[in-house]
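Numbering (the working numbering), first residue to last: 298 to 723.
The next block holds one structure in the form of structure tokens; read it before the comments.
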Amino acid sequence: MMSRRLTFWVGAAALLGCGSAGPRPAVSPSGEEPADAGAPPGVAAEAQATTASLGSGWDGSADLRLGCTVVPAADLAEAAARGGLDAPDIEPAVRTAALADLAGALVRRALADREIRRLHLELQPDEIDRALQRLVETNFEGDEERFEAQLAEQGMSLEAYRSLLADQLAEFKAMAILFPVGPRDDEVEQEYRRRIDGADQADVRPFEEVREEIFRDLLEERLEERWLNHLARLRVQLEALPTHKEDGTCVEDWPTHDVSDIRFEGNAALTDAELRHAVESLVGPGGGFLVEGLAAPASFRAAVAALYYDRSYLEARVEMDVTVDGQVILRIEEGEPHRLGDVQLVVRAPDGTESPDELGEATWRPWLGMDCGAPFARDRFGRFLERLSEEYARRWGMERVDVEPDVETHDGVVDVRVTILRPAAS
């Protein structure tokens, strides 16, 4: 049987480029490593139960209508038939539980697709190729034949799995946009202490060795939990939402609210004027915006958080409240500014071997525009990655060259490792 990470959850952080897929425990394993080693108890079961709850109350006797989104009853019937749930010897309780899981999965897919369209997310074939390559390298030591053999054992074609992977990757992109804040350094340390509590000290791996792995695990858990809660709230909103027809097209009538004022609390590093400038474009004509709609709260929080990230406050957190008289209140936990630490550039060949950067630090350091110990500016780092990609594409005579940043934070310091992916010779 394939591991859970292969069949359903291939690793949000890995697919988003935050390290390699597949966590390893903080305690050295004796014997075979369990599939979810090091994960807090109940995480997988809790996530599954939340997914199932998305389909709560829908038995498939009629189509489920959520605003203008329709989940066909025929899809649930087809999925149940594929799963053999119409067999006469299945116990009623088992059938009911299995149908609830299927209903939840279908509702999740429909709501996720809706959010992906709203965020205008598109995947390029090479993104799926890279994610698939990382998965095979991590779980099958790069052996594609072993990977495809396991797919065949489960009756799944490579194209079907690529489609599943594409759906997951699009979801993870949406999660990263809506919930951009990852775990703090102190949360990573606390999780490390929890994992090693009571363990034989001879088996405990050093914190520095597992820091990135624990960060990635916590990030995946946090993204999944927030995403499912977001979709659950969205279903409730859509079920109560009036709709009407306009030129034969279903239109959702989201309630609007006039913005009487925008206030900020907890900000010291940035002024009210700077923060107001970041969000004022989100207020529509006449001062109206969507209070209970899809875009407003996430957009306001994301705009403020992005400004802090660009100013080196990588742990800033933003919450938003709206009062009955239209005041938008953004509450901010700034955290501490981060400074640039080590920067390493390597070139990775198609066969996985790595070699030193071909440009040299004297060439690329001015493009980065940050010395060691300087405040880490996220926007400047993004422009640096674009410049690297363009320069290597020119150097190698390619249309484009992919670069993979690996950013690790610790004690207010940001260490960066950038991998330049040399394309295979055509």
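All C-beta atoms, glycine included, are put in the ideal place defined by N, C-alpha and C.
All values derive from a computational prediction rather than experimental measurement.
- Secondary structure note for V576: its alpha helix (DSSP H) is the uninterrupted segment D569 to V576.
- The Cβ neighbour count for R598, taken over all protein chains shown within 10 Å, is at least 16; the residue is labelled buried.
- The Cβ-Cβ distance between R405 and T348 falls below 8 Å.
- Close CB contacts of R628 within its chain, under the 6 Å cut and outside five residues either way in sequence, are with E562, G563 and E616 (chain order).
- Relative to P503, the option among Y489, E434 and L535 whose CA is nearest is Y489.
- In the DSSP assignment, I413 falls within the unbroken alpha helix (DSSP H) covering P389 to R415.
- Ranked by Cα distance from E705, the first of G401, E509 and D622 is E509.
- Secondary structure of R379 (DSSP, three-state): helix.
- Here G666 has R677 as same chain residues with Cβ atoms under 6 Å from its own Cβ, once five neighbours each way along the sequence are excluded.
- With contacts defined by Cβ atoms closer than 8 Å, A600 and A613 do not form a contacting pair.
- The three-state secondary structure of L718, taken from DSSP, is strand.
- Assignment of R492 by DSSP, reduced to helix, strand and coil, places it in the helix class.
- In the DSSP assignment, E456 falls within the unbroken alpha helix (DSSP H) covering L455 to L475.
- Annotation for V485: R508, I511, F512 and L515 place their beta carbon closer than 7 Å to its own, counting only its chain and skipping 5 residues before and after.
- Nearest to D482 by C-alpha distance, out of E505, M472, F469 and L416, is E505.
- DSSP places V533 in the uninterrupted alpha helix (DSSP H) bounded by F504 to E536.
- With a beta-carbon spacing of about 19 Å, Y606 and R714 fall beyond the 8 Å limit used to define contacts.
- Within a 10 Å sphere around the beta-carbon of N436 sit 16 or more other beta-carbons, which makes this residue buried.
- Per DSSP, the unbroken alpha helix (DSSP H) holding F678 starts and ends at R675 to W693.
- The beta carbon of E536 sits closer than 7 Å to the beta carbons of L363 from its chain, once the five residues preceding and following it are set aside; these are given in chain order.
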